[in-house]
Amino acid sequence: MATPQSSSRQSSSLSSSPMSTRMQSLQVDSVQRWMEDLRHMTEVECMCVLQAKPIGVEEDSQQGELIVASGVVAGDHVARNNLQTLLRRALVVSTELGKMFQRLEKGRWQRVHSTAVRANCHVRSLVHEYSAARSTPPEMQKYEKSVLEKCMELTNITERCLHTDEEFFLKSMREAIHEILTDVSDSFSNMIDMALANEIQVLIKQIESSDSVHIIGGAISNLLSLTQDGPQLCSIIAKEGAVVALFKICRQDRFRDLYAHALRTVASICCVEEGINQLDKVDGILCLADILTDESSMEAARAEAAAVVAQITSPHHTSTQHLASFLESMQDIVTALIKLCESGSCGEVFLLASAALANITFFDSMACEILLQLNAIHILLQACKDRQRVDTPYSKDQVVTILANLSVLEQCASEVLQEQGIERLLLLLGEKPSSSSPSEGAACERVQQKAAVTLARLSRDPDVAHTAIQLKAVPRLIELCRSPTERNNSDSVLVACLAALRRLAAGCPDSIEAADHQQLIKPRLVDSFLLCSNMEESFV
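Residue numbering for the sequence shown follows the UniProt record's numbering, starting at 1 and increasing by one per position.
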């Protein structure tokens, strides 16, 4: 997989909880968390009085530190504040419902009841505040009514459980409460989905109906911010027609300054199948090809178009229906992407363009042939010498992925030799992380593994094998096999290095000493793997 993994584009791991997949956890200490939650723990009666009263805030306060009441903030900030308020309050409610499930299982009836009372308060406050800020659709009102009734029922039934110790009664009540609680969770989730969809429609309407670059840009920014809250929210955004609206912007010359912003949002939405399906329906690939091949387009717009291509061609997607239309424009897109790799002004532009190419080479061999005709090996290996373009293990991962996929073609070997590519592969075998970041460490492992795979494939050519041996590839491969720390304890790197070593040994048996041959070449691959994977560092 060759999806860009820069710090600005890495997606965080998501919880399995339905609500927490939309919302980021508040990773603060307990006192801060209490103060954060306290703002949302309001009685409905109090909110009736305070609903329209804004709370003052210092100019230097951080964004999002206060829940702003309806009517305080004007313009394109209103929708964003409504959404942030909704997400925050929904997080509080889902947290309380989760606590109820846990305490119910342990039979802590006093805590179950107190949690039910708090959840009831939070839900009523949320519904009241949202209704005051925005007209509620009829369909959503049904869920509101159901949630409010069920929450009240939970409060009443849990109170009854406080006044008895009868085991049979409590057991039957536990089952009833569990069923009601499940209904509340489902209805609440549907209610929040509808509320979010309602807010997203407001943003999309701004994009579709406004002629103001400022208003459209603000709405796009809000959508982009929402895409960071997880795939469930991206699905809602896609279903509400955001992809269609964004491509309308990208087809109008008067909004050229918004292309990059709109395409970055499209790339984020297309992390889910629904987003890709919407892109396919509006012939989004043709629009991407037009932007990529238009040399008058700003580099930022072409880079973000490359990001969308990288996203929709990711091997992680199970659906491939959209790739049929992609093949029609593949020649133009591949040509534009390799040009962008050559002319890119910074590391992120190169990363996005090369990631798109890396993904494309996975699903169609024709792309590899096109790249060879376009002198891609020269362009990519030259870029590796330019630290302004290839400056991270993530970029090197894309380059070596493309080289690995190109190396299945026979004519690739001579070009790699001509461009001194074997020397570059040996440098990539020594790739090490510059920090303790797990994602950077994983990227370095992928670089080492793919460099070894590429070397093994190219070494079918005797000239490549001879050059690699002269450049002391064998000692480096042996070191990677025998030293777990050299390969970051990666089994995939070990397997790739063993395969490359055996390929070189087959062509030049004299290049490997007898002891190494006995342990790394002669046994079955699995036996050599087990031997090396169990080696202690002191063995080396």
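We put the beta carbon where it would ideally sit given N, CA and C, even for glycine.
The structure presented is a predicted model; accordingly, all values stated were derived computationally and were not measured.
How far does the alpha helix (DSSP H) with PRO462 in it reach, from first residue to last? Numbered from its first residue, the sequence shown carries residue 462 at position 462. Counting along the chain, the unbroken alpha helix (DSSP H) around PRO462 starts and ends at 462-470.
Can you have a look at GLY107 and say buried or exposed, based on whether 16 or more other CB atoms are within 10 angstroms of its CB? Along the sequence shown, read from residue 1 onward, the residue named residue 107 stands at position 107. In the assembly as shown, GLY107 is an exposed residue. Its beta-carbon has fewer than 16 other beta-carbons within 10 Å.
Look at the Cβ atom of VAL334, then the Cβ atom of LEU340, and state whether they are nearer than 8 Å. One-based indexing of the sequence shown puts residue 334 at position 334. One-based indexing of the sequence shown puts residue 340 at position 340. When the beta-carbon positions are compared, VAL334 and LEU340 stay at least 8 Å from each other.
Count the other C-beta atoms from every protein chain shown that fall within 10 angstroms of the C-beta of THR227, then say buried if there are 16 or more, exposed otherwise. Here residue 227 corresponds to residue number 227 of the sequence shown, with the count starting at 1. Counting of Cβ neighbours within 10 angstroms places THR227 among the buried residues, the total reaching 16 or more.
ARG89 to VAL31, Cα distance in whole Å? Position 89 of the sequence shown holds residue 89. Position 31 of the sequence shown holds residue 31. Cα to Cα, the separation comes out at about 18 Å.
Cβ neighbour criterion (16 or more within 10 Å) applied to LEU525: Within the sequence shown, numbered from 1, the residue matching residue 525 stands at position 525. Counting C-beta atoms within 10 angstroms of its own C-beta, LEU525 has fewer than 16 neighbours from the protein chains shown and is therefore classed as exposed.
Just the Cα atoms here: how many angstroms apart are THR318 and ALA452? The count along the sequence shown starts at 1 and reaches residue 318 at position 318. The count along the sequence shown starts at 1 and reaches residue 452 at position 452. Spanning the two alpha carbons is a distance of roughly 28 Å.
With DSSP as the reference, label SER161 as helix, strand or coil. Numbered from its first residue, the sequence shown carries residue 161 at position 161. In the sequence as displayed, the identity of residue 161 is Cys instead of Ser. CYS161: helix per DSSP, three-state reduction.
Helix, strand or coil, according to DSSP, for HIS316 in the structure here? What you label residue 316 is simply residue 316 of the sequence shown in a count that begins at 1. Of the three classes helix, strand and coil, the one that applies to HIS316 here is coil, per DSSP.
Would you identify the three-state DSSP class for ILE512, choosing helix, strand or coil? Taking the first residue of the sequence shown as position 1, residue 512 is located at position 512. When secondary structure is reduced to three states using DSSP, ILE512 falls in the coil class, being assigned neither helix nor strand.
Which word fits ARG482, buried or exposed, when buried means at least 16 other C-beta atoms lie within 10 angstroms of its C-beta? As a working note, residue 482 is residue 482 in the sequence shown. Buried, since its Cβ has 16 or more Cβ neighbours within 10 Å.
If you follow the alpha helix (DSSP H) that MET191 is in, where does it begin and where does it stop? Locating residue 191 in the sequence shown gives position 191, where the first residue counts as 1. Its alpha helix (DSSP H) spans residues 167-209.
Could you pull the start and end residues of the alpha helix (DSSP H) that ASP332 belongs to? Looking up residue 332 in the sequence shown gives position 332. Element bounds for ASP332: 330-343.
Count the other CB atoms, across all protein chains shown, that sit within 10 Å of the CB of GLU179; report buried if there are 16 or more and exposed otherwise. The count along the sequence shown starts at 1 and reaches residue 179 at position 179. GLU179 counts as exposed, since fewer than 16 other beta carbons sit within 10 angstroms of its beta carbon.
Runs of alpha helix (DSSP H) wholly within the stretch 411-451 (minimum 4 residues, chain order): Qualifying alpha helix (DSSP H) stretches, in chain order: 412-418 and 421-428.
Does the beta-carbon of ASP229 have 16 or more other beta-carbons within 10 angstroms, so that it is buried, or is it exposed? Walking along the sequence shown from the start, residue 229 turns up at place 229. Around the beta-carbon of ASP229, 16 or more other beta-carbon atoms lie within 10 Å, marking it buried.
Do three or more CB pairs link the stretch 166-182 to the stretch 202-214 at distances below 8 Å? Taking 8 Å as the limit for Cβ pairs, the verdict is that the stretch 202-214 does not touch the stretch 166-182.
Have a look at LEU223, CYS287 and GLU274 and flag the residue whose alpha-carbon is nearest the alpha-carbon of GLN252. Counting from one through the sequence shown, the residue named residue 252 turns up at place 252. For GLN252, the closest of LEU223, CYS287 and GLU274 by C-alpha to C-alpha distance is CYS287.
In its own chain, which residues sit with a C-beta less than 7 Å from the C-beta of LYS522, not counting the 5 before and 5 after it? As a first step, residue 522 must be located in the sequence shown, where it is residue number 522. Short of 7 Å from the beta carbon of LYS522, and not among the five residues preceding or following it, lies no beta carbon of its own chain.
Let's see if you can read the secondary structure: which residues bound the alpha helix (DSSP H) around SER221? As a position in the sequence shown, residue 221 is number 221, starting the count at 1. SER221 -> alpha helix (DSSP H) spans 213-227.
Of all Cβ atoms in chain D, is any one closer than 8 Å to the Cβ of GLU149? No chain D appears in this structure, which consists of one protein chain only.
Would you give the residue range spanned by the alpha helix (DSSP H) that ARG118 belongs to? Sequence index remark: in the sequence shown, residue 118 carries index 118 (1-based). First-last of the alpha helix (DSSP H) with ARG118: 109-133.
Check LYS99 in the structure and name its three-state DSSP category. As a working mapping, residue 99 is identified with position 99 in the sequence shown. In this structure, LYS99 counts as helix in the three-state DSSP scheme.
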